[in-house]
Amino acid sequence: MQSLGNPSANTSANRVMPFKAGNLGIAVMVLVFLFAVVFAANQNDVIGWIVAIIALGWLLLAAFVVFSVRGATKKAKEKFATAQADFAAQQMPKGSAGGTAVVEEQVAKANAVRDEKLDHSFKIVQVQAKVVRDYLGKDEGMVERALDTIEVTAHNGRGMIRKNDGEGPVTGTVVN
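According to the numbering used here, the residues represented by the sequence shown are 39 to 214, in order.
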């Protein structure tokens, strides 16, 4: 597999191989056409000329495909290079304010994801609390699994808001 993002990773052999195959295909079609024309001329037969016309049609079709693919490849390379340059320009901070804005945006996204995860954890705890209420005294196994789920979910949730690797009290923002 070859890298899309690093042009130096593409060796010249990898770039030349499709063009050699295309040239080989065109050469074969030219030979088929020439043989068809020679045999048609030697025998001066209608069938021979029909075969020559069919061979010419295939030659033209093959040439069209090869040259279309080459042109499309060049255009795709240009578009990819442009997109890569645009992406690189977007990733570079434009001074100190641009870098700060990028960092603040990334922090805001990370906080939003963390808040969604915490919300999901709290929903799990609510569901499991309902399971405990419903099965308390009826199915001890179900209650144990629900309590285990609550414990694991609470541990994971605390891990998302813990600041000092577990040292000291848990801190966070209370939202009403």
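The C-beta atom is built at its ideal place from N, Cα and C for all residues, glycine as well. Being a predicted model, the structure only gives us computed values, none of them experimental.
Under the 8 Å Cβ criterion, the stretch 77-86 does not count as touching the stretch 116-127, having fewer than three qualifying pairs.
Of 211, 167, 178, 99, the smallest CA-CA separation from residue 192 is found for 167. A distance below 8 Å separates the beta carbons of residue 170 and residue 181.
The stretch 65-78 and the stretch 87-103 touch, with three or more beta-carbon pairs separated by less than 8 Å. Cβ contact annotation for residue 64 (same chain, cutoff 7 Å, sequence separation greater than five): 100, 101, 104, in chain order. The three-state reading of DSSP puts residue 175 in coil, since its state is none of H, G, I, E or B. Here residue 67 is buried. Its C-beta has 16 or more other C-beta atoms within 10 Å.
In the three-state DSSP reduction, residue 82 falls in the coil class, being neither helix nor strand. The C-beta of residue 175 has fewer than 16 other C-beta atoms within 10 Å across all chains shown, which makes the residue exposed.
One alpha carbon belongs to residue 195, the other to residue 173, and they sit about 25 Å apart. In the structure shown, residue 111 adopts helical secondary structure according to DSSP, grouped into three states. Judged by beta-carbon spacing, residue 89 lies beyond the 8 Å limit of residue 79, meaning their Cβ atoms are not closer than that value.
Per DSSP, reduced to three states, the secondary structure at residue 211 is coil, with no helix or strand assignment. Cα atoms of residue 150 and residue 144: separation of roughly 10 Å, rounded to the nearest angstrom. Taken through DSSP and simplified to helix, strand or coil, residue 67 comes out as helix.
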